[in-house]
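Here the structure comes first, spelled out in structure tokens, and everything after it is commentary.
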Amino acid sequence: MGRGAVLRLVLDKRILLIIGGGIAAYKSLFLIRVLAKRGIASRVILTKGGTEFVTPLSAGALSGDKVYSDLWDLTDEAEMGHIELSRSADLMVVAPATADIMAKAAHGIANDLATTTLLATDKRVLYAPAMNVRMWEAEATQRNAAQLKKDGALFIGPDAGAMACGEFGEGRMSEPETIADAIEAALAGDTTLDGLNGSKPLRGKKALITAGPTREPIDPVRYLSNHSSGKQGYAIASAIASLGADVTLVSGPVSIMPPANVTLVKVETACEMLKACQAALPSDIFVSVAAVADWRPSSSANKKIKKDGKKVPPLALEENPDILKTLCDSKKRPKLVIGFAAETNDVIKHASAKRLRKGCDWIVANDVSGKGPGGDVMGGDHNSMIVVTDTETESWPRLTKSDAARKLALKISDYFT
Ligand code: CTP
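Okay, so the sequence shown: first residue is 2 according to the working numbering, each after it adds one.
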């Protein structure tokens with residue numbers, strides 16, 4: 002589906018957002034803002050527990066709508082009954098979804114406004130669980146989550162990471178941008194949503210992803226680099242991790258937040274990136290998204306080079322290692338290696354040749370011939386990928402980088418199943 006079509010489907014949509022009682026509730030306020038920027042309105046139900054963490058005033062100010070809470074009254078019910086409320090939205094979202102709400106919903110218990118609405122709705126429900134790792138792993142919670150999925154609910158997260166309670170593990174609510182991506186995909190009826198259903202087809206697999214640019218120093222204050230933002234590589238790392246893989250993301254300098262569900266290794270130069278990648282082997286999957294600088298200054302001054310007013314200093318360059326090719330040729334070559342190719346002309350022809358030259362299994366080609374530096378792909382939020390394998394060439398429509406990442410992650414999981 003083209004981005005235009007996705008946008009038309011998503012614009013003017015409304016979600017009914019149930020904010021449960023958990024420390025992650027503050028992230029749901031961010032979620033309302035992120036969604037508003039994407040043209041999706043939120044109407045909020047705050048559970049009694051939710052009001053302990055965020056106020057109806059802040060949720061109302063951000064959503065620009067009346068906030069319904071479990072402390073409802075007859076006036077509320079006269080204005081909009083709970084049945085109507087549950088049907089006034091295109092999608093119901095529970096974030097944070099506590100163990101308590103999930104347990105009640107799984108058993109059809111309807112003893113407050115949030116759970117009554119969940120029982121009465123004829124719309125799909127997306128849960129973003131957030132709780133202590135032991136509560137999430139408890140048999141009862143896992144049973145309830147499985148039941149809700151069986152009943153048709155979608156799940157995003159929880160992510161693994163450090164938790165507010167001081168423990169570490171799966172239980173953190175997904176980041177607002179990630180939940181917003183899932184909401185957008187659900188609203189657009191995106192088929193890649195299958196991958197959000199909580200199944201983990203890549204569990205037990207290790208994946209290595211490179212992302213961002215590299216920086217090659219000229220002196221302590223100057224460097225050679227490029228326009229890569231890291232957005233596509235980060236989205237791919239997150240999408241592969243959400244399918245259950247153990248992901249190492251080796252990243253050049255970028256200014257975006259790392260996904261919570263990956264191990265991040267920060268590097269600056271191409272040589273450092275190669276070392277970090279070799280240290281992360283063995284791996285089942287390698288996706289080489291980084292825009293590695295092809296050359297580096299032959300020498301880098303350890304003091305700032307000063308102007309002498311006479312001659313311009315020479316800039317001699319030498320070639321950087323080709324990380325993708327080095328890993329393809331290595332004894333520890335990952336089973337599935339995917340390279341990227343930024344091309345301005347004869348995209349498929351150059352990409353197919355590059356696949357063979359580098360020795361990778363698939364090449365994802367991007368047309369970067371658009372206006373501006375790096376076309377509209379480098380640094381932008383969208384991508385039109387062409388995936389070239391040994392047997393086929395698939396052209397995907399223009400998608401958000403997260404949707405494109407999810408589509409690629411699902412293709413990877415199909416390869417392994
Ligand atoms: N790549 C790499 N190490 C390099 C250069 C590129 O790992 N030193 C990887 C990129 O991550 C990408 C693929 O190789 O997956 C293709 O990168 P690209 O810059 O398009 O290819 P080049 O080899 O630089 O070829 P050309 O400049 O001729 O297009």
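We treat Cβ as the ideally placed atom computed from N, Cα and C, and that holds for glycine. Since the structure is predicted, the reported quantities are computational estimates derived from the model, not experimental observations.
Check                                                                                                                                                                                     : Outcome
Use the C-beta contact count for residue 405: other C-beta atoms within 10 angstroms, 16 or more gives buried, fewer gives exposed.                                                       : buried
Is it true that the segment 306-323 meets the segment 235-247, where meeting means three or more beta-carbon pairs spaced less than 8 Å apart?                                            : no
Assign residue 156 to one of three DSSP states: helix, strand, or coil.                                                                                                                   : strand
By DSSP's criteria, residue 341 is part of a beta bridge. Which residues make up the other side?                                                                                          : 365
Thinking C-beta only, is residue 280 closer than 8 Å to residue 252?                                                                                                                      : no
Short check: CB of residue 343 to CB of residue 355, under 8 Å?                                                                                                                           : no
According to DSSP, is residue 196 part of a helix, a strand, or is it coil?                                                                                                               : Note on residue 196: pLDDT 44, under 50, position unreliable in the model; the coordinate value appears next. It is helical.
Can you tell me which of 353, 210, 402 puts its alpha carbon nearest to the alpha carbon of residue 394?                                                                                  : 353
Give the secondary structure of residue 397 by DSSP, where H, G and I count as helix, E and B as strand, and everything else as coil.                                                     : coil
Exposed or buried, which one is residue 192 when buried takes at least 16 other CB atoms within 10 Å?                                                                                     : Model confidence at residue 192 stands at a pLDDT of 40, short of 50, so the residue's coordinates are unreliable; what they give is reported in the following sentence. Label assigned to residue 192: exposed.
Give the straight-line distance between the Cα atoms of residue 362 and residue 334, rounded to the nearest whole angstrom.                                                               : 11 Å
For a test of the three-state rule: what should DSSP assign to residue 408, helix, strand or coil?                                                                                        : helix
For a cutoff of 8 Å on Cβ pairs, would you count residue 114 as touching chain B?                                                                                                         : No chain B appears in this structure, which consists of one protein chain only.
Which residues bound the alpha helix (DSSP H) around residue 284?                                                                                                                         : Where residue 284 is concerned, there is no enclosing alpha helix (DSSP H), given that its DSSP letter is neither H nor E.
Just verifying my parser: in three-state terms, what is the DSSP assignment at residue 14?                                                                                                : strand
Quick one: what's residue 384 bridged to in DSSP?                                                                                                                                         : 400
Hey, out of 13, 18, 138, 180, whose CA is closest to residue 115's CA?                                                                                                                    : 18
Could you round the C-beta distance between residue 102 and residue 21 to whole angstroms and report it? I think they count as a contact, below 8 Å.                                      : 5 Å
Please name the residue, chosen from 366, 411, 235, 227, that lies closest to residue 399 on a Cα-to-Cα basis.                                                                            : 366
Over what stretch of residues does the beta strand (DSSP E) that includes residue 240 continue unbroken?                                                                                  : Segment 232-243 is the alpha helix (DSSP H) holding residue 240; no beta strand (DSSP E) there.
Could you tell me which residues DSSP pairs with residue 42 in its beta bridges?                                                                                                          : 15
Determine whether the beta carbon atoms of residue 113 and residue 207 lie at a separation below 8 Å.                                                                                     : no
Going along the chain, which residues of its own chain have a beta-carbon closer than 7 Å to the beta-carbon of residue 8, five neighbours each way excluded?                             : Low local confidence applies: a pLDDT of 39 at residue 8 is under 50, so the model's placement there is unreliable, and no value is given.
Could you tell me whether the segment 141-160 touches the segment 36-43, where touching means 3 or more Cβ pairs closer than 8 Å?                                                         : no
Cα separation between residue 288 and residue 328?                                                                                                                                        : 11 Å
State the Cα-Cα distance for the pair residue 305 and residue 319, rounded to the nearest angstrom.                                                                                       : 20 Å
Applying the 10 Å Cβ sphere with the 16-neighbour rule, what's the burial state of residue 396?                                                                                           : exposed
DSSP three-state call for residue 36: helix, strand or coil?                                                                                                                              : helix
Three or more beta-carbon pairs under 8 Å between the segment 94-111 and the segment 56-71, yes or no?                                                                                    : no
Nearest by alpha-carbon distance to residue 220: which of 238, 330, 339, 303 is it?                                                                                                       : 303
Return the CA-CA distance between residue 222 and residue 316, expressed in angstroms with no decimal places.                                                                             : 15 Å
Which value, in whole angstroms, describes the spacing of the CA atoms of residue 285 and residue 69?                                                                                     : 48 Å
Taking 8 Å as the limit between beta carbons, can you name the residues of its chain near residue 30, skipping five residues before and five after?                                       : 55, 59, 60, 63
So what's residue 57 in DSSP terms, helix, strand or just coil?                                                                                                                           : helix
Could you name the residues of the same chain whose beta carbon sits closer than 8 Å to that of residue 419, not counting the 5 residues immediately before and after it, in chain order? : No information on residue 419 is available, as it lies outside the stretch 2 to 418 that the chain covers here.
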